[in-house]
Amino acid sequence: MNYDTDFLGFKGKVSFEFTYDAFKSVASDICTYFKKNSSSGQKLVIGYDTRMMAKEYAQEFSRIASGLGLKVFLGNRCAPSSVMVKNALHKKSMGTVVITGDMHDAAILGIRLFDDKGSPVRPSQFTSQPSNKKKLPKFKDCLKTGAVEMFDPCIIYEYLVSQMLSSFSPTNSENMVFSPLHGSGMWYFDHILRNFPVAGYTTHSEILADLGGLELDPSFHTEQLYQDMLATNSSIGIVLSPDCSTLNCLYGKHRLTTKESLQCMSKTLSHIKGSSTRVVVDKEFPLGDMPTESEMSIEWLENGKFHDELKFLDFDIAIDHLGRFYFHSQGCPDALTASYLLTYFALVLSESNGAISEELKRIKKL
Numbered sequence: 281m282n283y284d285t286d287f288l289g290f291k292g293k294v295s296f297e298f299t300y301d302a303f304k305s306v307a308s309d310i311c312t313y314f315k316k317n318s319s320s321g322q323k324l325v326i327g328y329d330t331r332m333m334a335k336e337y338a339q340e341f342s343r344i345a346s347g348l349g350l351k352v353f354l355g356n357r358c359a360p361s362s363v364m365v366k367n368a369l370h371k372k373s374m375g376t377v378v379i380t381g382d383m384h385d386a387a388i389l390g391i392r393l394f395d396d397k398g399s400p401v402r403p404s405q406f407t408s409q410p411s412n413k414k415k416l417p418k419f420k421d422c423l424k425t426g427a428v429e430m431f432d433p434c435i436i437y438e439y440l441v442s443q444m445l446s447s448f449s450p451t452n453s454e455n456m457v458f459s460p461l462h463g464s465g466m467w468y469f470d471h472i473l474r475n476f477p478v479a480g481y482t483t484h485s486e487i488l489a490d491l492g493g494l495e496l497d498p499s500f501h502t503e504q505l506y507q508d509m510l511a512t513n514s515s516i517g518i519v520l521s522p523d524c525s526t527l528n529c530l531y532g533k534h535r536l537t538t539k540e541s542l543q544c545m546s547k548t549l550s551h552i553k554g555s556s557t558r559v560v561v562d563k564e565f566p567l568g569d570m571p572t573e574s575e576m577s578i579e580w581l582e583n584g585k586f587h588d589e590l591k592f593l594d595f596d597i598a599i600d601h602l603g604r605f606y607f608h609s610q611g612c613p614d615a616l617t618a619s620y621l622l623t624y625f626a627l628v629l630s631e632s633n634g635a636i637s638e639e640l641k642r643i644k645k646l
């Protein structure tokens, strides 16, 4: 298993690079790092998504952490990495570990890891440890002794998102379609937005243990998303990658560009905050010229230094070299929050924003 800077963790092809021995070795190194860089009483937050065996490997990671003397909060349901990071920050934990997969290959499984500030942990920050011959405790014993404590990651997450969307009062009556591609974002999007008067339709409504041969890149599913929108008389559609790191948004048949999505979300956050938004962009991403807007200030980061500098900055929205969105000074790609903000914009603010308002009106007439 190798560390991938785009993946923000270690990953490998199941049964080839990602084997149990490789997993146990990497997990031991990660746990040793967190043990050396934590305060007394802090726990490690561990989560998993809908990938095959992700839950079982998360439980195994909990056993390894417990065997090395760490206390663990383990999610009791699948969750995107961004959801687990938000929980870890709220709990003031020593860090976050998420067992998840690649957005381009369903055969890839990996371990994402973040520190106590929500920033990615690089392998240069820890060293390999000799193999631990100590017998690991059984998972049920970890639960019994309290070394591993199960928790529902949606409780804190719902509270945090509800605070952000406290002024969410739709002025438009458009229907919308949300497609999580069998990923863990499905339950969170449905569960949270059902508390608001949104007429929505979720496609791919089953959580699958194995994504199999499904093409995981959202851009390959926009045509199907549009067909689902037509079938449900919806004018807005959002499709997320299973790990909730990237998304595509359709207003009618028009797919929002990264620049358009940024403008919509910046206007939304400015409306919510009552002040301008601070945006950070990796120079390597071809965002192009941005119009001068009072609600947005942009800082450009040098190529190759995005994550190294991001953890020291205070920002509302950030965009990395792959066009992934980050929010609220956290170092984990978060397309789920992006989907909330784009929904908010379309249903609350679009009437006052010319081009998109006209597009939605045109769709409504059709």
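Positions 281 to 646 (our numbering) are the ones given, in order, by the sequence shown.
Cβ atoms here follow ideal geometry from the backbone N, Cα and C, with glycine treated the same way.
Any non-hydrogen atom of the ligand ATP closer than 7 Å to residue i Cβ
i, result
"HIS370", "Annotation note on the ligand ATP: not contained in the displayed structure, which lists no ligands."
6 Å CB neighbourhood of residue i in its chain, flanking five on each side removed
i, result
"ASP600", "ASP562, PHE586"
"PHE565", "ILE599, HIS601, GLY603"
"LEU549", "THR557, ASP596"
"SER485", "At SER485 the pLDDT is 42, less than 50, meaning the model places this residue with poor confidence; the figure from the coordinates comes in the next sentence. Here the set comprises nothing."
"LEU621", "MET545, THR548"
"THR617", "PHE607"
"ASP396", "MET374, GLY375"
Assigned exposure category for residue i - 16 Cβ within 10 Å defines buried
i, result
"GLY615", "Note on identity: in this sequence residue 615 is Ala, with Gly being the wrong assignment. That one is buried."
"LYS424", "exposed"
"SER499", "exposed"
"THR380", "buried"
"LEU491", "Caution is warranted here: a pLDDT of 43 is assigned to LEU491, below 50, making its placement in the model unreliable, and the coordinate value is therefore given only provisionally. When all chains shown are included, LEU491 counts as buried."
"THR376", "buried"
"LYS415", "exposed"
"LYS420", "exposed"
"ASN583", "exposed"
"GLY321", "exposed"
"ASP725", "No answer is possible for residue 725: it lies beyond the span of the chain, which begins at 281 and ends at 646."
"THR537", "exposed"
"LYS418", "exposed"
"HIS532", "First, the residue type needs correcting, since residue 532 is Gly and not His in the sequence shown. So GLY532 ends up on the buried side."
"SER308", "buried"
Anticipated Cβ contact below 8 Å, residue i with residue j, distance rounded
i, j, result
"GLN325", "PHE353", "This sequence places Val at residue 325; Gln is not what is there. Their Cβ separation, rounded to whole angstroms, is 5 Å, which keeps VAL325 and PHE353 in contact under 8 Å."
"PRO360", "SER459", "15 Å between Cβ atoms; not a contact."
"ARG357", "PRO433", "7 Å"
"TYR313", "PHE394", "Between PHE394 and TYR313 the Cβ distance is about 12 Å, and since that is not below 8 Å, they are no contact."
"TYR468", "VAL378", "That belief does not hold up - the Cβ atoms of TYR468 and VAL378 are roughly 14 Å apart, past 8 Å."
"ALA338", "GLY327", "7 Å"
"GLY355", "PHE448", "The pair is not a contact, with the Cβ atoms about 26 Å apart (cut-off 8 Å)."
"SER521", "LEU461", "6 Å"
"ASP569", "ASP329", "Not really, about 37 Å apart at Cβ, beyond 8 Å."
"LEU510", "LYS539", "Not a contact, Cβ separation roughly 26 Å."
Short CB-CB distance (under 8 Å) between residue i and chain D
i, result
"ASP286", "Considering every chain present, this structure includes no chain D. It has just one protein chain."
Beta-carbon proximity list for residue i, same chain, < 7 Å, skipping 5 on both sides
i, result
"SER525", "MET383, ARG604, PRO613, ALA615"
"VAL560", "GLU579, LEU581, LEU590, LEU593, PHE595, ALA598"
"LEU505", "VAL457, SER459, GLY517, VAL519, LEU530"
"THR502", "VAL519, ASN528, LEU530, ARG535"
"VAL365", "THR376, PHE394, GLY398, GLN610, CYS612"
"GLU575", "SER546, LYS547, SER550, SER556, THR557"
"LEU629", "LYS547, THR548, HIS551"
"ASN367", "VAL325, PRO433, ILE436, TYR437"
"ALA426", "Looking at the sequence itself, residue 426 is Gly, so the reference to Ala does not match. Counting only Cβ-Cβ distances below 7 Å, and skipping sequence neighbours, we find nothing."
Contacting residues, own chain, Cβ-Cβ under 8 Å from residue i (five flanking each side not counted)
i, result
"PHE298", "MET281, LYS291, GLY292, ILE388, LEU389, GLY390"
"SER619", "PHE458, GLY465, PHE469, ILE518, LEU520, LEU527, CYS529"
"TYR283", "GLY289, PHE290, ARG402, PRO403"
Problem set entry | the region 549 to 558 touching the region 310 to 317, judged by at least three CB pairs closer than 8 Å | no
For this session: Would you check if there are 3 or more beta carbon pairs closer than 8 Å linking the region 299 to 313 to the region 436 to 443?
Result: no
Exercise. Counting pairs of beta carbons, one from the region 331 to 349 and one from the region 392 to 404, are three or more of them closer than 8 Å?
Worked result: no
Exercise. Quick one: complete alpha helix (DSSP H) runs, 4+ long, within the region 340 to 401?
Worked result: 361 to 370
Problem set entry | Three or more C-beta pairs below 8 Å linking the region 339 to 348 and the region 363 to 372 | no
For this session: Please go through the region 572 to 616 and give each complete alpha helix (DSSP H) segment of 4 or more residues, from N-terminal end onward.
Result: 586 to 590
Problem set entry | Secondary structure, beta strand (DSSP E): runs of 3+ residues fully inside the region 299 to 334 | 324 to 328
Exercise. Which runs of the alpha helix (DSSP H) spanning at least 4 residues fall entirely within the region 426 to 460, listed in chain order?
Worked result: 433 to 444
Exercise. Unbroken alpha helix (DSSP H) runs of length 4 or more, entirely within the region 497 to 547: which are they?
Worked result: 502 to 511
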